[in-house]
Amino acid sequence: MTAAGDGRAGPRAAPEDSVALDQRAAAALLAVDPVGLGGAVLRGGPGPERDAWLAQLRRNLPAATPWRRMPAAVPDSRLLGGLDLTATLAAGRPVAERGLLAEADGGLLLLAMAERAAPGMAARIAAVMDAQEVALERDGLARRLPARFGLVALDEGVEEERVAEALRDRLAFHISPGRPGDDDPPTSRDAIAAARARLAAVRVPAEMTEALAGAALALGIASLRAPMLAQRAAIAAAALSGRREVSAEDAALAARLVLAPRATRVPEAEPPPAEEPPPPEQGETQDAPKGAEEQAPLADRILDAARAVLPEGLLAGLGAGLREAARHASPDGRAGARHATPLRGRPAGVRQGELRSGARLALVETLRAAAPWQKLRRTQRTGGPRVLVKREDIRLRRFEAPQETTAIFVVDASGSAAMHRLAEAKGAVELLLADCYVRRDKVALIGFRGAGAEVLLPPTASLVRAKRSLAGLPGGGGTPLAAGLDAARGMVEACRRAGRTPLIVLLTDGRANVARDGTGGRAGAEADALEAARPLRLAAVPALLVDTAPRPQAFAKGLAAAMGARYLPLPAADAARLSQAVRETAA
Amino acid sequence: MDQVPGDHGRGGEEVAVSSVPPRTKAGRASPGGRAPYPFAAIVAQEEMLRALLIAAVDGSVGGVLVLGDRGTGKSTAVRALAALLPPMKAVAGCRFGCDPADAAALCADCRARGRLKAIEAPVPVVDLPLGATEDRVAGALDIERALADGVKAFEPGLLARAHRGFLYIDEVNLLEDHLVDLLLDVAASGENLVEREGISIRHPARFVLVGSGNPEEGELRPQLLDRFGLCVEVRTPMDVPTRIEVIRRRDAYERDHAAFCAAWEKEQAKLRRRILAARAHIGQVAVPDAALERAATLCLALGTDGLRGELTLIRAARALAALEGRTSVGDAELRAVASPALRHRLRRNPLDETSSGARVERAVAELFGP
Numbered sequence: 001m002t003a004a005g006d007g008r009a010g011p012r013a014a015p016e017d018s019v020a021l022d023q024r025a026a027a028a029l030l031a032v033d034p035v036g037l038g039g040a041v042l043r044g045g046p047g048p049e050r051d052a053w054l055a056q057l058r059r060n061l062p063a064a065t066p067w068r069r070m071p072a073a074v075p076d077s078r079l080l081g082g083l084d085l086t087a088t089l090a091a092g093r094p095v096a097e098r099g100l101l102a103e104a105d106g107g108l109l110l111l112a113m114a115e116r117a118a119p120g121m122a123a124r125i126a127a128v129m130d131a132q133e134v135a136l137e138r139d140g141l142a143r144r145l146p147a148r149f150g151l152v153a154l155d156e157g158v159e160e161e162r163v164a165e166a167l168r169d170r171l172a173f174h175i176s177p178g179r180p181g182d183d184d185p186p187t188s189r190d191a192i193a194a195a196r197a198r199l200a201a202v203r204v205p206a207e208m209t210e211a212l213a214g215a216a217l218a219l220g221i222a223s224l225r226a227p228m229l230a231q232r233a234a235i236a237a238a239a240l241s242g243r244r245e246v247s248a249e250d251a252a253l254a255a256r257l258v259l260a261p262r263a264t265r266v267p268e269a270e271p272p273p274a275e276e277p278p279p280p281e282q283g284e285t286q287d288a289p290k291g292a293e294e295q296a297p298l299a300d301r302i303l304d305a306a307r308a309v310l311p312e313g314l315l316a317g318l319g320a321g322l323r324e325a326a327r328h329a330s331p332d333g334r335a336g337a338r339h340a341t342p343l344r345g346r347p348a349g350v351r352q353g354e355l356r357s358g359a360r361l362a363l364v365e366t367l368r369a370a371a372p373w374q375k376l377r378r379t380q381r382t383g384g385p386r387v388l389v390k391r392e393d394i395r396l397r398r399f400e401a402p403q404e405t406t407a408i409f410v411v412d413a414s415g416s417a418a419m420h421r422l423a424e425a426k427g428a429v430e431l432l433l434a435d436c437y438v439r440r441d442k443v444a445l446i447g448f449r450g451a452g453a454e455v456l457l458p459p460t461a462s463l464v465r466a467k468r469s470l471a472g473l474p475g476g477g478g479t480p481l482a483a484g485l486d487a488a489r490g491m492v493e494a495c496r497r498a499g500r501t502p503l504i505v506l507l508t509d510g511r512a513n514v515a516r517d518g519t520g521g522r523a524g525a526e527a528d529a530l531e532a533a534r535p536l537r538l539a540a541v542p543a544l545l546v547d548t549a550p551r552p553q554a555f556a557k558g559l560a561a562a563m564g565a566r567y568l569p570l571p572a573a574d575a576a577r578l579s580q581a582v583r584e585t586a587a
Numbered sequence: 001m002d003q004v005p006g007d008h009g010r011g012g013e014e015v016a017v018s019s020v021p022p023r024t025k026a027g028r029a030s031p032g033g034r035a036p037y038p039f040a041a042i043v044a045q046e047e048m049l050r051a052l053l054i055a056a057v058d059g060s061v062g063g064v065l066v067l068g069d070r071g072t073g074k075s076t077a078v079r080a081l082a083a084l085l086p087p088m089k090a091v092a093g094c095r096f097g098c099d100p101a102d103a104a105a106l107c108a109d110c111r112a113r114g115r116l117k118a119i120e121a122p123v124p125v126v127d128l129p130l131g132a133t134e135d136r137v138a139g140a141l142d143i144e145r146a147l148a149d150g151v152k153a154f155e156p157g158l159l160a161r162a163h164r165g166f167l168y169i170d171e172v173n174l175l176e177d178h179l180v181d182l183l184l185d186v187a188a189s190g191e192n193l194v195e196r197e198g199i200s201i202r203h204p205a206r207f208v209l210v211g212s213g214n215p216e217e218g219e220l221r222p223q224l225l226d227r228f229g230l231c232v233e234v235r236t237p238m239d240v241p242t243r244i245e246v247i248r249r250r251d252a253y254e255r256d257h258a259a260f261c262a263a264w265e266k267e268q269a270k271l272r273r274r275i276l277a278a279r280a281h282i283g284q285v286a287v288p289d290a291a292l293e294r295a296a297t298l299c300l301a302l303g304t305d306g307l308r309g310e311l312t313l314i315r316a317a318r319a320l321a322a323l324e325g326r327t328s329v330g331d332a333e334l335r336a337v338a339s340p341a342l343r344h345r346l347r348r349n350p351l352d353e354t355s356s357g358a359r360v361e362r363a364v365a366e367l368f369g370p
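If you read the protein sequences in the order shown, they are chains A and B. My numbering applies: residue 1 is where the first sequence begins, and numbers increase by one. My numbering applies: residue 1 is where the second sequence begins, and numbers increase by one.
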């Protein structure tokens with residue numbers, strides 16, 4: 001009955017067209033059920049493709065639907081709401097200001113540069129999406145504001161940078177908008193409205209639920225939200241096509257749109273892997289007799305639908321990643337990415353004080369302090385402003401100095417190091433990790449061996465992840481010390497751009513034997529290592545070199561000097577000394 | 001309007017008490033009318049449900065921390081608790097919901113009241129949302145009254161509302177540090193001390209702290225970790241029938257909250273009776289010396305710090321025995337609660353890759369036999 005309903009993804013369509021059609025379908029489905037589907041992640045930089053998809057979505061929505069855009073760094077007062085001071089002062093009673101999340105109620109919310117949204121912000125948005133309301137407990141106000149919206153996260157991340165998992169998990173569609181198919185007529189708003197009305201009445205046959213759940217598992221998707229969202233998508237698709245019951249076609253579309261982009265592994269084609277029994281065998285007993293013959297093919301069809309778009313999705317993602325990586329490598333690639341957070345450091349309450357330049361006024365707290373005296377002050381003078389604020393009322397914001405350190409561990413995992421003491425070095429790193437955890441530093445891990453260096457763990461505050469990636473660090477191969485140092489320098493720069501203080505802890509036995517260009521030979525490798533070390537000294541990065549060789553090495557000592565690092569031979573380094581050395585280096 | 005002499009008010013300043021909201025039931029139903037998902041309808045996740053029920057039976061076990069995968073119904077379970085809990089007796093008109101039977105723990109108002117009238121009130125399950133400001137958590141000057149009437153009135157915060165109930169923090173590992181400090185202090189002393197804007201007030205705030213989070217996003221401060229009596233780890237179920245059941249029930253709930261909740265009301269009532277029976281019965285549950293010895297040996301073997309581990313282990317086992325209608329604590333109960341009571345109390349050993357839960361289970365298996 002509708003354009004999106006019958007125009008979807010026929011098997012005869014060329015692959016690119018079918019992708020475009022699916023993406024168009026996603027825009028229609030999201031318009032039908034924005035709250036139930038959560039929303040979409042749009043991966044890729046700004047451009048006509050993204051704009052076209054957003055325009056499609058917007059055209060599908062009823063005319064008066066709220067459409068709000070918000071940046072990735074918003075203070076809580078704008079995100080969640082708070083006290084509206086102007087109105088409060090005018091009215092003489094507290095007036096609440098709605099935040100962006102409450103303003104988006106009933107509509108769509110666009111999160112720009114979503115990959116930059118901090119975990120705390122993502123968690124706030126996620127909590128509001130779950131509760132479908134804003135629980136406002138701020139500035140002396142306690143309110144519950146309805147906030148039922150769909151979220152479109154505009155993900156411009158490069159490489160590993162991506163939208164916080166808390167949000168990705170809740171948004172049904174993950175799309176990299178491609179060339180829009182512009183020859184089809186758009187889904188009409190009437191069709192969307194009719195579909196919305198039908199939504200509640202759409203029935204989901206048990207075998208559809210089973211097929212979607214089975215497909216999610218076969219694709220290696222752990223989260224239960226994925227099959228739930230897929231089911232919502234299938235329901236929306238059925239409603240859009242005027243069906244009262246979800247058809248196999250609807251489920252297949254849902255699998256392509258919701259499950260395929262989340263896949264972590266490609267399922268084997270035929271037969272299904274033994275350890276992942278398809279749902280029919282374990283299906284409900286009462287359904288088994290009549291549905292048994294149709295179930296197996298259905299589950300396969302759903303999975304096939306997802307699998308069909310898998311390689312394409314994966315390849316496209318990989319290709320984009322490589323392109324982005326190339327761009328990233330150019331020196332000025334991301335100069336504009338540095339972005340000012342509204343608050344520096346951690347807020348640590350307010351204090352009374354004088355308003356001098358540089359101090360940040362805590363307006364609400366100041367008014368709070370002034371509030372009780374208003375009656376009294378007004379009796380002492382007539383006329384004048386509505387609110388009488390005196391010097392003793394002034395309250396200033398306090399912040400804890402930004403001392404967030406990122407400890408970058410550069411670990412030599414070469415054969416020579418492994419032979420002696422990779423295990424011990426790992427142990428030392430783990431002790432240091434525990435120490436960083438106590439001091440609440442972030443940690444990052446770079447390993448080098450064989451032909452080059454690899455970032456094993458970008459800066460994180462999670463000890464769990466750090467431990468895991470360290471444990472997974474294999475040993476063996478040559479010692480490309482220069483490559484390790486180069487990688488460390490790259491991360492130092494990234495840390496500084498993000499406003500953190502980097503600190504390098506290099507663990508090596510100093511036996512460099514792979515040069516920058518990947519060729520072997522001690523002399524060239526050592527020269528390259530020294531050359532790679534110098535910029536680190538120039539950048540004045542606090543550093544510590546832990547020599548893991550059985551006997552202290554002259555070259556390692558020289559290297560430490562070249563990079564301006566403290567030198568600590570491991571034989572002398574017990575846990576306490578290591579930890580102390582890092583602390584002293586950081587100080 | 002009743003006057004509260006701040007327990008240690010300054011220079012006889014009068015602090016009026018705002019007459020406004022008498023303990024709202026924020027955790028219960030939202031204005032949208034979405035009844036929370038029924039507790040009894042939660043699929044699998046036995047360890048988490050058991051820990052929450054234990055906390056509901058005996059609050060002295062300490063809080064519950066739920067760590068684990070996304071989308072496993074962590075916050076659903078906690079919010080569902082609100083609708084499950086049987087109502088409690090509270091002093092009529094008291095902003096803190098004081099217990100009329102517990103004279104020692106009364107707030108200043110109630111002590112001044114003389115004869116206390118008791119009413120039935122819902123047990124509060126209060127959400128502490130991320131982004132809450134300190135004044136709303138601890139309570140502060142009532143800005144409305146201050147602006148309108150020029151009166152210094154204290155407006156109780158979330159801690160006051162959570163008194164005698166549950167305080168729930170989703171994504172507890174992302175909570176701002178100054179709020180964590182505040183919580184640590186109140187959770188330890190059972191009392192909230194407000195010294196702001198010339199207000200000086202003290203009120204009881206005893207609550208069961210419930211937190212949930214995903215350890216991938218940063219870890220909890222050890223001090224806060226220690227405040228939780230039980231720590232459970234939830235994982236996504238990976239077997240197809242369970243997953244299908246979760247999806248099916250969730251879908252039924254999303255489509256029609258009221259009908260779904262009505263269908264589960266019988267089960268809910270059954271659970272509620274079980275909690276009440278366990279509370280009545282817990283005093284009679286015997287803890288034989290053998291069980292105490294078992295607990296002590298286990299804690300020694302694991303090298304947990306201090307006595308809190310043992311105490312929690314015993315208390316939780318006793319509450320569990322009461323829930324299951326047993327008259328004494330045995331190995332089965334100790335085994336069931338050993339991991340949640342101890343896994344977050346082990347000394348961190350960065351060289352050991354096994355999860356602390358697995359370490360506890362290994363020690364249990366060695367001690368109790370397979």
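We treat Cβ as the ideally placed atom computed from N, Cα and C, and that holds for glycine.
- In this structure, DSSP gives A/F149 a state outside helix and strand, which the three-state scheme calls coil.
- B/E366 counts as exposed, since fewer than 16 other beta carbons sit within 10 angstroms of its beta carbon.
- Taking 8 Å as the threshold, the shortest C-beta distance from B/P124 to chain A does not fall below it.
- With contacts defined as CB atoms closer than 8 Å, A/L42 and A/I175 qualify as a contacting pair.
- A distance below 6 Å between beta-carbons, with the five flanking residues on each side excluded, links A/A172 to the following residues of its chain, in chain order: L37, G38, L229, A233 and V258.
- P119, G120, A123 and R124: these are the residues of the stretch 110-126 of chain A whose beta carbon lies less than 7 Å from some beta carbon of chain B, given in chain order.
- B/N192 carries a strand assignment under DSSP once its states are collapsed to helix, strand and coil.
- For the set A/R468, A/A370, A/K442 and A/V410, the Cα lying nearest the Cα of A/G452 is the one of A/V410.
- Within the model, the alpha-carbon separation for A/G499 versus B/L311 is close to 45 Å.
- Taking the C-beta atoms as reference points, B/D135 is found no nearer than 8 Å to B/S75.
- DSSP assignment within the stretch 120-203 of chain B yields the following whole alpha helix (DSSP H) runs of 4 residues or more, N-terminal first: 134-138, 143-149, 158-161 and 177-189.
- Non-local C-beta neighbours of A/A31 in its own chain, meaning closer than 8 Å and more than five positions away in sequence, comprise L57, N60, L61, T187 and I192, ordered along the chain.
- Pairing B/A319 with B/D99 gives a Cβ-Cβ distance that is not under 8 Å.
- Every beta strand (DSSP E) of 3 residues or more that sits fully in the stretch 72-133 of chain A is shown, in chain order, as 81-83, 96-98 and 108-111.
- Among the residues facing chain B, A/P227 is included, as its CB has a counterpart in that chain under 8 Å away.
- Inter-residue distance for B/A286 and B/R326 is about 9 Å (C-alpha atoms, whole angstroms).
- Exposure of B/G369 is indicated by the presence of fewer than 16 other C-beta atoms within 10 angstroms of its C-beta.
- With at least 16 other beta carbons inside 10 angstroms of its own, B/Q45 counts as buried.
- Cα atoms of A/G140 and A/E365: separation of roughly 10 Å, rounded to the nearest angstrom.
- In terms of CA proximity to B/Q284, B/V329 leads the group B/E254, B/V329 and B/A252.
- Counting the other CB atoms within 10 Å of its CB gives A/Q23 a total of 16 or more, which places it among the buried residues.
- Taken in chain order, the members of the stretch 59-77 of chain B whose beta-carbon sits within less than 9 Å of a beta-carbon on chain A are D69, R70, G71, T72, G73, S75 and T76.
- Secondary structure at B/G309: helix, using DSSP grouped into helix, strand and coil.
- Going by beta carbons, A/L111 and A/M70 fall inside the 8 Å limit.
- DSSP places A/G472 in the coil class of the three-state scheme, outside both helix and strand.
- Within the stretch 475-509 of chain A, the complete beta strand (DSSP E) segments at least 3 residues long are 501-508, listed from N- to C-terminus.
- Under the DSSP definition of a beta bridge, B/L230 partners with B/V64.
- For A/A197, the closest of A/T585, A/L240 and A/R162 by C-alpha to C-alpha distance is A/L240.
- Looking at the DSSP output, A/G450 bridges to nothing.
- B/H344 carries a coil assignment under DSSP once its states are collapsed to helix, strand and coil.
- Residue-level contact by beta carbon holds for B/D127 and chain A, with a gap shorter than 8 Å.
- Approximately 19 Å separates the beta-carbon atoms of A/R78 and A/G106; this is outside 8 Å, ruling out the contact.
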